[in-house]
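Right, one structure below, let's go through it.
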Amino acid sequence: METIKASWILEDGRTVEAQVPVGHTLMEAALANNVTGIVGECGGSLACATCHVYVESSPIALDGPSASEREMLELGVDAPTEASRLSCQIVAAPALSGIVLRVARY
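In this note's numbering, the protein residues as written are -7 to 98.
What follows is the structure, encoded as structure tokens:
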């Protein structure tokens, strides 16, 4: 199974790195790797903001959030920025290997 490397920067500054299977969301990978601060309360159905992240760096430009995703981002504790995404909406693809995400508070 092909994987990509992803990293999450936690609120305390620690970093969690993981190999993520292509086709899985970065929320699924965060939960599987016990990334503190990612809850995924809605299971990835775009109905909460408990997987809010800031894209610190990405090897390719990501598409912006959909209107529904932007609405959910407004519900989080941390204000959304241009770098905000819900990690349930980012699917691991080979071109994303090396992506770095900062976990937002929810």
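Beta carbons: idealized from backbone N, C-alpha and C, even for Gly.
Which residues in the same chain as residue i place their Cβ atom closer than 6 Å to its Cβ, once the five residues preceding and following it in sequence are excluded?
i	result
Leu23	Gly32
Thr28	Leu2
Met(-7)	Pro13
Arg94	Ile1, Tyr46, Glu48
Figure out for me which residue from the options has the closest Cα to the Cα of residue i.
i	options	result
Ala21	Ala96, Val47, Ile82, Val69	Ile82
His44	Gly35, Ile30, Pro57, Ile52	Ile30
Lys(-3)	Arg6, Gly5, Ala10, Asp4	Ala10
Gly90	Ala96, Val47, Gly68, Leu67	Val47
Asn25	Ala39, Thr7, Leu88	Thr7
Tell me the residue span of the beta strand (DSSP E) that contains residue i.
i	result
Arg62	Where Arg62 is concerned, there is no enclosing beta strand (DSSP E), although the alpha helix (DSSP H) it sits in stretches over 59 to 65.
Leu109	The structure shown has nothing for residue 109, since the chain only spans -7 to 98.
Glu48	44 to 49
Residue i bridges to which residues according to DSSP?
i	result
Gln11	Lys(-3)
Thr17	Val83
Ser76	Tyr46
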